[in-house]
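Numbering (full-length UniProt numbering), first residue to last: 1 to 335. Using N, Cα and C, we set each Cβ at its ideal position, and we do this for glycine too. Only a predicted model underlies this, so the values are computations on that prediction, with no experimental measurement involved.
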């Protein structure tokens, strides 16, 4: 599905990321998005950085800033790691342009494609050298398997990853492989339904301006929804030029941490958890859960941010649950 040379199944998404990071030796530099999955942020800043590898976080959606870092660390940057859209602020990265720029500097590019799944985006065809997934999410789809996948583009990369995976003993167990393959049989129809629901949810939230201050999602054309939608027209165009859909994950701000907490608590259909991409609708506040490992002074996330992963339930049920939760939040006094 990823049009890769090889795909390697790992015991988790973090195991796949750890192996990817291991391709960089002591003295090298890793550039990574300043808005990315909390587990990867922790791996890079609290573990990898102590192994003699310099980690530089950069706004990967700003090509000028990426180029400046490539020039500043010329000859030392070995890997540039991306997400698009980023997790959880849904910032759009121009994958083609950033790969071209990185390759001009002799730098390999990896991408965490979990947010899109291979049904919606195939980054290796856009120029990336490595593509990984937390298969626990969309690929499995049923919240009953932990797994990761790392895809390579060339035979040389495949040999490198095979050696590292074998040496580290991080391959996925046979039964979990079976569960993953079972889940992937319904991947395309799940993603299509989840995405339809997510677009409807985003449109609903964009109209709740008495509670929703900012909405982060690439599925709504900003020309039709005003300032509440943070994805600008250029980013919207870039996203849809490199994908076939916006995915099922979106986030929004209420302007008040207490208001956000009350909204999350009021939801009944949504399950409170850190994951996304499964059949069931999920909700969380990233600063308290998925990104809680990032020290408060280093966070680039607003504390009131709520992230939703939309499932395959009847859209009427999803919207009804959110509608009553929004009204609970509206009755909450701002801090």
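Enclosing beta strand (DSSP E) for residue i [first to last residue]
i	result
residue 56	54–58
residue 250	249–253
residue 47	From DSSP, residue 47 is part of no beta strand (DSSP E); its letter is neither H nor E.
residue 78	77–83
residue 216	214–216
Distance, residue j Cα to residue i Cα
i	j	result
residue 22	residue 108	13 Å
residue 93	residue 185	29 Å
residue 84	residue 91	7 Å
residue 268	residue 320	10 Å
residue 95	residue 211	33 Å
residue 317	residue 231	27 Å
residue 245	residue 120	6 Å
residue 164	residue 53	17 Å
residue 16	residue 101	25 Å
residue 149	residue 10	6 Å
residue 346	residue 158	What the structure shows of the chain is the stretch from 1 to 335, and residue 346 is not part of that stretch, so it cannot be assessed.
Neighbour-count burial assignment, residue i, 16 or more Cβ in a 10 Å radius
i	result
residue 291	buried
residue 206	buried
residue 13	buried
residue 38	buried
residue 166	exposed
residue 190	buried
residue 221	exposed
Where the alpha helix (DSSP H) through residue i begins and ends
i	result
residue 162	155–168
residue 259	257–266
residue 17	13–22
residue 189	187–206
Reference residue i, options the options, closest by Cα
i	options	result
residue 1	181, 293, 309 and 226	181
residue 299	35, 18, 202 and 19	35
residue 301	287, 123 and 198	287
residue 130	272, 5 and 296	5
residue 197	234, 115, 154 and 281	281
residue 199	155, 62 and 312	312
residue 29	97, 8, 213 and 58	58
residue 323	257, 201 and 142	201
residue 215	137, 305 and 110	305
For residue i, the residue or residues it bridges with in DSSP
i	result
residue 284	307
residue 130	110 and 152
residue 8	150
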